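Quick note on the working numbering: the sequence shown kicks off at 1 and runs consecutively. Each residue gets a CB set at the ideal place from its N, CA and C atoms; glycine is no exception. Quick caveat: nothing in here was measured; it's all calculated off a predicted structure. These notes are about the structure you will find just below.
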Amino acid sequence: MNRRQFIGVAGLSGLGASLAGWHLASQPGENEVIARKLDQQLLGEDYPYTALWGFNDSVPGPVLRKTQGDTLSLTFKNRLSQPSSIHWHGIRLPNNMDGVPGITQRVVKPGEDFQYEFALPDAGTFWYHPHVATYEQLGRGLYGALIVGERERVDVDRDELLVISDLHLDQSAQIPGNFKNLHDASHAGRLGNTVLCNGQKVPTLRQVRPGERIRLRLVNASSARIYRLRFDGVAPLIVAMDGHPCAPQIMGETLYFSPGNRYDFILDVPRLSGGLTLRDEFFPMMPNLLARFEVKGSPVAARSGFAGLPPNTLPPFDDRSAEKVDLVLEGGALSEKATREAIWLLNGRGNDHDSLLDSHENHPDPLFECRSGQTIHCRIDNRTAWFHPMHFHGVVLQEKQADGRWGPYRDATLVWPFKTSEIRFVTERPGEWMIHCHVSEHHHSGLMGTFRVGDVCTTKQRPWVTTAWGSDTTA
Ligand SMILES: [Cu+2]
Numbered sequence: 001m002n003r004r005q006f007i008g009v010a011g012l013s014g015l016g017a018s019l020a021g022w023h024l025a026s027q028p029g030e031n032e033v034i035a036r037k038l039d040q041q042l043l044g045e046d047y048p049y050t051a052l053w054g055f056n057d058s059v060p061g062p063v064l065r066k067t068q069g070d071t072l073s074l075t076f077k078n079r080l081s082q083p084s085s086i087h088w089h090g091i092r093l094p095n096n097m098d099g100v101p102g103i104t105q106r107v108v109k110p111g112e113d114f115q116y117e118f119a120l121p122d123a124g125t126f127w128y129h130p131h132v133a134t135y136e137q138l139g140r141g142l143y144g145a146l147i148v149g150e151r152e153r154v155d156v157d158r159d160e161l162l163v164i165s166d167l168h169l170d171q172s173a174q175i176p177g178n179f180k181n182l183h184d185a186s187h188a189g190r191l192g193n194t195v196l197c198n199g200q201k202v203p204t205l206r207q208v209r210p211g212e213r214i215r216l217r218l219v220n221a222s223s224a225r226i227y228r229l230r231f232d233g234v235a236p237l238i239v240a241m242d243g244h245p246c247a248p249q250i251m252g253e254t255l256y257f258s259p260g261n262r263y264d265f266i267l268d269v270p271r272l273s274g275g276l277t278l279r280d281e282f283f284p285m286m287p288n289l290l291a292r293f294e295v296k297g298s299p300v301a302a303r304s305g306f307a308g309l310p311p312n313t314l315p316p317f318d319d320r321s322a323e324k325v326d327l328v329l330e331g332g333a334l335s336e337k338a339t340r341e342a343i344w345l346l347n348g349r350g351n352d353h354d355s356l357l358d359s360h361e362n363h364p365d366p367l368f369e370c371r372s373g374q375t376i377h378c379r380i381d382n383r384t385a386w387f388h389p390m391h392f393h394g395v396v397l398q399e400k401q402a403d404g405r406w407g408p409y410r411d412a413t414l415v416w417p418f419k420t421s422e423i424r425f426v427t428e429r430p431g432e433w434m435i436h437c438h439v440s441e442h443h444h445s446g447l448m449g450t451f452r453v454g455d456v457c458t459t460k461q462r463p464w465v466t467t468a469w470g471s472d473t474t475a
């Protein structure tokens, strides 16, 4: 079995545990995550190594494994030649641990360290990535999974992880640069020409036995690519979205999978199967084979239905007292609203996240302010010709479905071109939290803003802004 291919999750299968041990053995320090350059062979032995940026010398970075209720405590060491940070995507945590320079913390300059420490209230599949120049830092390999295990054992034979990403590679398997160009920023973002799962092209999960029950965790760590997932040979159950358990539902023929999203599936391997595949067909004329499952060996006894994962404890909605918020997305290619300075507009203003690092004068006023524990009903009106997976920090949201009912918990909503999305969420911890499109090139060319919870600071006078950028006196 190729150890670099599928990443088993420790403690749930012997095979998975041995894989996990191997993966973690190469780490610089148990409680360190170091961002630095590395070379990795992505395309097989016929191709040269690719110069990448990664966490702890691998792409993807180390799989961080914790149990619900644990505290994650680690030192981020920036050994890149540009500033960076780590955002803990989907984790409900204190604002000053959210990893968004210019909003929640100082930027971590080259050579500097930053200590992250927070409790993990929810079990599920999460991930981590920089929140500075995301289009480039993700696009060069800085991403990794954070798996928070349930307190009680989930009865599966294997627990497997696929971190899906795409890189743009030239003939010599190198990344040509030219990030954040006007074309990518104004269209669908930078779509790489090489789709990778766990840093490999089309890995195979070997020796899957007929009848086995697999929990398959998918993370979309791409900077811009939306996938339309399709399984061949099996009809899996979706059991969690964006980390949070949902009522198990049989996946339809295809499933949209936006940047930042996660899905947890239960795959009961059919007893008469020659093999399974996972494909992407977002662009039907340019499909991508993502992964293969080799079905082999003697069958194991098939199991009965899957009852679902234990739910996380989330704040209750109070729809009667809900505040209404409207967000309008404009701009992009084909729009008269787009300018070179602001390709995208969120409620009439285009914000460049990178400019927040230069001066707090560039800091936009929050899109809305409210108290903690407030239910918000938010309507997002996409007046552009492009898809926008809108990600909300610090809260967990639900989308209104076609039948008018609220859907499963998520941390982002994919807003279709010229469509609206209605969501609701309950504000939680005080602070200023990001709302942005998770197409990184859109996020960094206009489609970002914030909302402020509680009266913790004024817009122009955050406590840490009065100290020099890069000082170590962050609150
Ligand atoms: Cu977008």
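Cβ distance (whole Å) where residue i is taken to contact residue j below 8 Å
i: Arg-452; j: Glu-369; result: 4 Å
i: Pro-430; j: Ser-372; result: 6 Å
i: Thr-413; j: Ile-435; result: Incorrect: roughly 11 Å between the Cβ atoms, too far for contact.
i: Val-108; j: Ser-81; result: Their Cβ separation, rounded to whole angstroms, is 13 Å, which puts Val-108 and Ser-81 out of contact at 8 Å.
i: Trp-344; j: Gly-449; result: Their Cβ separation, rounded to whole angstroms, is 11 Å, which puts Trp-344 and Gly-449 out of contact at 8 Å.
i: Tyr-116; j: Gly-61; result: Incorrect: roughly 14 Å between the Cβ atoms, too far for contact.
i: Arg-279; j: Leu-267; result: That pair is no contact at about 14 Å.
Residue i CB to nearest heavy atom of ligand 2 below 7 Å
i: Asp-264; result: Ligand 2 is not part of this structure, which contains only ligand 1.
Three-state secondary structure assigned by DSSP to residue i
i: Leu-43; result: coil
i: Trp-22; result: The predicted model places Trp-22 with a pLDDT of 40, which falls under 50 and marks its position as unreliable; any figure quoted below should be read in that light. Correct three-state label for Trp-22: helix.
i: Ala-476; result: The shown model of the chain, from 1 to 475, leaves out residue 476, and the question about it has no answer.
i: Met-251; result: coil
i: His-391; result: strand
i: Met-97; result: helix
i: His-438; result: coil
i: Asp-268; result: strand
i: Tyr-116; result: strand
i: Glu-361; result: helix
i: Asp-319; result: helix
i: Asp-354; result: helix
i: Tyr-49; result: coil
i: Glu-477; result: Any property of residue 477 remains undetermined from this structure, which presents the chain solely from 1 to 475.
i: Gln-137; result: helix
i: His-244; result: strand
i: His-89; result: strand
i: His-168; result: coil
i: His-377; result: strand
i: His-443; result: helix
i: His-131; result: coil
i: Glu-294; result: strand
Beta carbon of residue i nearer than 8 Å to that of residue j
i: Pro-101; j: Val-148; result: no
i: Gly-233; j: Gly-275; result: yes
i: Ala-221; j: Leu-43; result: no
i: Tyr-128; j: Ile-86; result: yes
i: Asp-157; j: Arg-213; result: yes
i: Pro-248; j: Gly-308; result: yes
i: Pro-203; j: Ala-291; result: yes
i: Phe-282; j: Ile-226; result: yes
i: Gly-124; j: Gly-252; result: no
i: Glu-160; j: Arg-217; result: yes
i: His-388; j: Leu-334; result: no
i: Trp-88; j: Phe-55; result: no
Residue i classed as buried or exposed, judged by whether at least 16 other C-beta atoms fall within 10 angstroms
i: His-183; result: exposed
i: Ile-250; result: exposed
i: Asp-326; result: exposed
i: Ser-58; result: buried
i: His-23; result: Only weak support is given to the placement of His-23: the predicted model assigns it a pLDDT of 42, under 50, and the question is left unresolved by the model.
i: Pro-310; result: exposed
i: Pro-316; result: exposed
i: Asn-198; result: buried
i: Arg-151; result: exposed
i: Arg-140; result: buried
i: Leu-272; result: exposed
i: Glu-45; result: exposed
i: Ser-421; result: buried
i: Ala-25; result: In this prediction, Ala-25 scores a pLDDT of 38, lower than 50, which makes its location untrustworthy; the coordinate-derived value is nonetheless stated afterwards. By the 10 Å Cβ count, Ala-25 comes out exposed.
i: Ser-165; result: buried
i: Pro-130; result: buried
i: Pro-110; result: exposed
Residue i: CB within 7 Å of a non-hydrogen atom of ligand 1
i: His-442; result: yes
i: Leu-447; result: yes
i: Trp-127; result: no
i: Trp-386; result: yes
i: Val-328; result: no
i: Cys-437; result: yes
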